Amino acid sequence: MPSTKVQINNVHVKMIIDTGASINIIDENTFANINKYKRISLKRTRTKLFAYGSKQQLPVIGTFEATIETKKRMTVSTIHVVRGNYGSLLSYQTATELNLIKVNVNNVKVTGNDKIEQCHDSLKDKMDKKFPHLFHGIGKLHNFEAKLHIDSSVPPVAQPARRIPFYLRRKVSAALKQLEKDDIIEKVEGPTPWISPLVVIPKNDGTVRLCVDMRRANCAIQRERHPCPTVDDLIHAMNGAKVFSKLDLRSGYHQLLLAEESRYITTFVTHKGLRRYKRLNFGTNSASELFQKVIHDQIHDIPGAINISDDVIIYGKSQQEHDTALHNVCQRFTKVGLTLNNEKCQFSQTKLTFFGMVFSAEGISADPHKVSAIKNASPPSSVKDVRSFLGMATYCAKFIPNFSHLSEPLRKLTMKSAQFRWTRCEQTAFDNIKNALTSDTVMAYFDQTKPTELITDASPWGLSAILAQNSTQHDDRRIVAYVSRSLSEVERKYSQTEREALAIVWAMERLQIYLRGGKFTLYTDCKPIELILGNPKSKPPARIERWNLRIQDFDFDIMYTKGSDNTSDFLSRHPCQETDNKHEMSAEQYVNFLTMHAVPKAMTIQEIQEATKHDKTLQLLTEIIRKQAWGSIKDLPTTGEDVSELNLFAKVRDELTINEQLGIILRGTRIIMPCSLRERAIRLAHEGHQGLAKTKQLIREKIWFPRIDKDVETLIRGCIPCQANGTANHPAPLKMTELPPKPWHTVHVDFCGPFPTGEYTLVVIDAYSRFPEVEIVKSTSATSTISKLERIFATHGLPNILKSDNGPPFQSNEFKQFMTENGIKHQRITPLWPKANSEAENFMKPMEKAIRGAHIEKKNWRKELYHFLLNYRATPHTTTKFAPAELLFNREINTKLPSKIINQNTKIDQQVRANDETGKRNMKRNADKSANAKEVDIKVGDTVLVRQTKKNKWSTRFDPKPYCVTRVKGTMITATRPGHYITRNISFFKKVLQQEIQHNSEDASDEEDYSKLDNNLPDTNIEENNELAERRYPARDRRPINRYSQNIYNA
1 MPSTKVQINN VHVKMIIDTG ASINIIDENT FANINKYKRI SLKRTRTKLF AYGSKQQLPV
61 IGTFEATIET KKRMTVSTIH VVRGNYGSLL SYQTATELNL IKVNVNNVKV TGNDKIEQCH
121 DSLKDKMDKK FPHLFHGIGK LHNFEAKLHI DSSVPPVAQP ARRIPFYLRR KVSAALKQLE
181 KDDIIEKVEG PTPWISPLVV IPKNDGTVRL CVDMRRANCA IQRERHPCPT VDDLIHAMNG
241 AKVFSKLDLR SGYHQLLLAE ESRYITTFVT HKGLRRYKRL NFGTNSASEL FQKVIHDQIH
301 DIPGAINISD DVIIYGKSQQ EHDTALHNVC QRFTKVGLTL NNEKCQFSQT KLTFFGMVFS
361 AEGISADPHK VSAIKNASPP SSVKDVRSFL GMATYCAKFI PNFSHLSEPL RKLTMKSAQF
421 RWTRCEQTAF DNIKNALTSD TVMAYFDQTK PTELITDASP WGLSAILAQN STQHDDRRIV
481 AYVSRSLSEV ERKYSQTERE ALAIVWAMER LQIYLRGGKF TLYTDCKPIE LILGNPKSKP
541 PARIERWNLR IQDFDFDIMY TKGSDNTSDF LSRHPCQETD NKHEMSAEQY VNFLTMHAVP
601 KAMTIQEIQE ATKHDKTLQL LTEIIRKQAW GSIKDLPTTG EDVSELNLFA KVRDELTINE
661 QLGIILRGTR IIMPCSLRER AIRLAHEGHQ GLAKTKQLIR EKIWFPRIDK DVETLIRGCI
721 PCQANGTANH PAPLKMTELP PKPWHTVHVD FCGPFPTGEY TLVVIDAYSR FPEVEIVKST
781 SATSTISKLE RIFATHGLPN ILKSDNGPPF QSNEFKQFMT ENGIKHQRIT PLWPKANSEA
841 ENFMKPMEKA IRGAHIEKKN WRKELYHFLL NYRATPHTTT KFAPAELLFN REINTKLPSK
901 IINQNTKIDQ QVRANDETGK RNMKRNADKS ANAKEVDIKV GDTVLVRQTK KNKWSTRFDP
961 KPYCVTRVKG TMITATRPGH YITRNISFFK KVLQQEIQHN SEDASDEEDY SKLDNNLPDT
1021 NIEENNELAE RRYPARDRRP INRYSQNIYN A
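Residue numbers (UniProt numbering): 1 to 1051.
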């Protein structure tokens, strides 16, 4: 039995082609091999399978849908899996779709002229033997360079790359390598102003075709206008000819070398870098006119040869005359380096259809296909159809004698009071008008000197187009051709916008002999299509993108016309019964190609199909796309469909495509993921914990759904490993403290040291006057600290508030008792945030500088410290503009410098406050701007991570064990987790999304920084961003006391 090797989900499988089988079958061993590479979920089925002539049922395990590929074709089909190891069967339907078999039953081909047919075969073989190099490879025209005329006033556009799925890049790389090997493209070095995106198109043999979207670049390329042979020229030249041949140049445009100065505008971007064309490329708008002129210059002196666009016509009144002309053309092409495509060439034909005429031995006649759309049109079935038909007839009514009389029976049907009744009278009028529309008075031969119009339309059943021309002197439209065709079952499921686009592409290619190389006006009654085709910046959906590439080299202006004024409307609703699978196959193959390569590796196409089928919003979206009923979204009832999501889809409506075979929706080249699979897709993209930008970039390679960026951000913000390793928040804006109500109301206390002598300085500074008191101490114990404070307080009195850090002496019970006995409120700053004690910290800098200066000068630093304090206390402060001593004592103190005589100013306090407020405001503005400070919204109940010291390469920036915020006081945050709590400045915390947190058993053993949570938490002073403060006091090394080599504690 015949067998073949196919690929099922990219796995090679040998299958027997069974034309009697209605389904595809594989055994469980084959399925296991396929499932090994990509996980497949089988569906249950109620289908009962029996072998031919057998009553025993085959044991079916389940079914699944998969892509089945050969070297030339690809399709999606259902496959049944049965138990056992008996081989695999390929059904008749699938084998036909893959073009593996073609069955002709009672179909006999009748040849009209066997002699001419034999002559055709022998001539073809003769040319192949005589000119062996003519039919092989892509040629290059000798001694010629094509130059593009580029308008320098058009600003260059460097478009971003269209992402190529990773699974396609190998094929794209192979195609690029082949083009470079054929000397068609080259790498780009250095800067280039123009960059166009690459579009990857699948080919039947499994490889890919690379196309460049030149729409933006074409705006700057000026077209050339060269004369083409007219209909009169053809009639004059080919009158009496009996034998014809049509030659096709292999990759025609690529045989013309592109001038060096013109190549930069063809630059395109790939995953392998920038490339540009060395040859004239498909998609350049002026390519057809340029190619027409170049080929004409090569054969214009050969009798019996003429070219129109990329077709070379050979003709002769006898076989010998034809063969001589063919030999001369082939010889000329061989000499100049051009090559032909033997498979597409037609030799020794007795009849040739060209430019709407049929040339044959019997003479010249009109092409019946030009009017078959009218002659085969069915009668109207409603008043609307009658109006549409009369609208088309009125388009050229001035050329129809007695048109008002002919159309009167039909016009009566359009009256308001009339009932629609189709009788013999109406049928006669209908037939008479159809005959008139196809008569010589209405129809005309194509004239390239006249303005050309192409009017297209699409209905749910068919496509149509009318090619017409205007007189250059009068507004007289004459019809050149009517064309129409029916839509296939697949095409009928397209959206109306896609059907309208299909009508345009089909009409242009059907009538390309008239349209290519000249400029024409395209009329359509679809506004979205006008916006898509008329705007080179547009992003069309997948099918329209594929079709758009095929009409890049047509020169046309697109115009919108109302549906009631579209003269082609009737033909689209009453089309010829013929269909054209070429456009359907290319579009569906491209859409299937994009869909299959956009499926994430860890998902199956069946999963996405099933989820899409159960997603009510996407199912409603499918109907809206097909009916183009976007205006109905606001009227939808809330029955499970997310109306707000549909509104977001409406914003990208022109980019949406339905894969009819799979029931999946695409945006451009990306799958729209159903709601149930979105989180899973995001988690797949986030595997490896790439950052936010990288995750977004990866997931947008293949899939899309509304709010995709927001959903990715939400998931990453809740990812503990990412947040623990991520960057810190922006620092919170500074919160400035108010000036105390009077001198010595609030004081700041801190230690500086130790110095090399082992001593410290105890600094006490007044928050109002900035007056410092400094004591030199040898110990930082609570007893020593209290002793020095008592002396200072005896001089200046007891303050109301004392602010300090969280050092050991300030946390002791002894110091707490001292504060209580003296009625002083003790406020400790946020742990590990020394900037909160800014007054004391800021004083340390000039004091340490004075001490270091004394050391350099070999002076007694203790003595120099008091000299420094004298001058500091007498110097106006930068913030208050008054000397600290003057504000504290309400007088100036004498220094070695002369003192001034001042009057007592009762408003000094107002000036100090004004100066303090101005200084702090300026400080806050500058500091916030420099640190790029932002408000951090952390409140009680939030889940947060806390910044930690990095100990080694394994350490993360934040502790990965989350905390819960229990208290917020200004910028000081207290957060807890089981067995542990911590208090830090708000800049130490990073907020993460609330999620279920599991703690290990060792979490409960975490030790707290403090013995218990202090409810009397201190306020925070001026704060700014800084790294974790290093320990300001030496760590105490507790060693056991050893006497006589014995530990006394263990004695």
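Here a beta-carbon is modelled for each residue, glycine too, at the ideal position from N, C-alpha and C.
Model, not experiment: these values are computed from the prediction.
Limits of the alpha helix (DSSP H) - the one that residue i falls within
i      : result
HIS867 : 861-874
PHE843 : 838-856
GLU821 : 813-821
ALA542 : 542-550
Min CB distance residue i to chain D below 9 Å
i      : result
ILE664 : The structure shown contains no chain D, having only a single protein chain.
Segment limits, beta strand (DSSP E) that includes residue i
i      : result
ASN985 : 980-985
ALA975 : 972-977
ALA305 : 305-308
PRO197 : 196-202
MET673 : That residue, MET673, is in no beta strand (DSSP E); it is neither H nor E in DSSP.
As assigned by DSSP and simplified to three states, the class of residue i
i      : result
ALA161 : coil
GLY62  : strand
GLU69  : strand
VAL386 : helix
HIS300 : coil
GLU738 : coil
CYS576 : coil
ASN725 : helix
ILE720 : helix
SER3   : strand
SER348 : strand
ASP114 : Low per-residue confidence applies at ASP114: pLDDT is 43, beneath 50, and the placement is therefore not dependable enough to give any value.
SER955 : coil
PHE403 : helix
ILE893 : coil
GLY316 : strand
GLN9   : Reading the sequence as shown, one finds Asn at residue 9 and not Gln. Reduced to three states, the DSSP call for ASN9 is coil.
ILE17  : strand
Close Cβ partners of residue i (< 8 Å) along its chain, the five nearest in sequence each way excluded
i      : result
PRO197 : GLN159, PRO160, ALA161, ARG162, VAL212, ASP213, PHE268 and VAL269
LYS434 : ILE374, LYS375 and ALA377
ASN9   : ILE34, TYR37, LYS38, ILE40, ALA66 and THR67
VAL157 : TRP194, ILE195, ARG216 and ALA217
TYR52  : GLY20
Residue i, buried or exposed, once every other Cβ within 10 Å from all chains shown has been counted against 16
i      : result
GLN817 : exposed
ASP709 : exposed
LYS416 : exposed
MET559 : exposed
LEU937 : Residue identity check: residue 937 is Asp in the sequence provided, not Leu. It counts as exposed.
LEU897 : exposed
SER22  : exposed
Proximity below 9 Å, CB of residue i to CB of residue j
i      : j      : result
GLU69  : ILE79  : no
ILE400 : ASN566 : no
VAL208 : ALA175 : yes
PHE843 : VAL749 : no
ARG543 : ALA501 : yes
ALA305 : VAL329 : yes
GLU491 : ARG478 : no
ALA444 : GLN469 : yes
LEU247 : ILE313 : yes
Close Cβ partners of residue i (< 7 Å) along its chain, the five nearest in sequence each way excluded
i      : result
ASN647 : ILE633
TRP861 : ILE851, ALA854 and HIS855
Sequence-distant residues of the same chain with beta carbon closer than 6 Å to residue i, five excluded per side
i      : result
THR974 : THR966, ARG967 and THR983
GLU645 : THR617 and PRO706
HIS826 : LEU802 and MET819
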